[in-house]
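Novice: Can you read through this structure? Questions will come right after.
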Amino acid sequence: MPRKKGNKGRKATKNPPRPRPPSPKPFQPNAAPDKTTEDGEELWELNEVVASRFMYGKLYYQVSWKGWSKDEYWYPASDLKRCPYLLVEFHSDNPKAAGPPRRLDIWDKAWTAFTEEGLEKHEEDDLVMTAAQKKTWLEEFEDMM
């Protein structure tokens with residue numbers, strides 16, 4: 001009698017699922033962006049940073065967009081470099097959350113100075129501050145308040 005092959009089950013994976021690109025949703029309005037950069041890149045206005053997490057060696061954020069329904073997509077930190085004030089606000093309110101990004105101070109200085117200098121693509125854009133850097137950053141922020 002032939003042996004029946006049974007279902008041995010699936011292997012459990014250790015890693016969480018990778019973030020998927022956003023898919024167009026029919027119920028979301030297709031509004032025009034508020035601004036564009038000099039190179040024609042569209043800029044959309046964020047409402048707030050909702051959450052952060054570290055996965056696959058990079059820092060990701062979940063955000064809510066002004067005028068849009070809830071967004072489940074996780075964006076790399078480098079996508080939020082033009083709104084450092086929201087990242088500062090999020091991390092000051094949530095000091096135990098993953099992050100902040102290593103280049104947050106540089107992004108904040110560029111935003112304050114109304115310049116694009118410091119916003120160019122960099123290998124450390126999506127990396128998290130070390131524990132010592134984060135502690136120093138939080139202490140400096142508390143001193144400012």
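Each residue of the sequence shown is one higher than the last, beginning at 1 in full-length UniProt numbering.
Positions of the beta carbon are idealized from the N, C-alpha and C atoms, including for glycine.
With distances taken between CB atoms, is the gap from L104 to L87 smaller than 9 angstroms?
Specialist: Yes, they are a contact pair.
Novice: Rank V50, A98, T112 by C-alpha distance to the C-alpha of K58 and give the top, closest one.
Specialist: Considering only alpha carbons, the answer is A98.
Novice: With DSSP run on the structure shown, which of helix, strand or coil describes Y60?
Specialist: Three-state DSSP puts Y60 in a strand.
Novice: If I measure Cβ to Cβ from S64 and keep anything under 7 angstroms in the same chain, skipping five residues before and after, which residues do I get?
Specialist: If we look at S64 and ignore the five residues flanking it on each side, its Cβ neighbours are N47, E48, V50, K70, D71.
Novice: For W44, tell me which candidate among R102, P100, W68 has the shortest Cα-Cα distance.
Specialist: Closest by alpha carbon: W68.
Novice: Just mark P21 as buried or exposed, buried being the case when its beta carbon has 16 or more other beta carbons within 10 Å.
Specialist: Summary for P21: the model assigns pLDDT 49, below 50, so the residue's position carries little reliability, and this model does not support an answer.
Novice: Could you tell me the boundaries of the alpha helix (DSSP H) in which A51 lies?
Specialist: Where A51 is concerned, there is no enclosing alpha helix (DSSP H), although the beta strand (DSSP E) it sits in stretches over 46-55.
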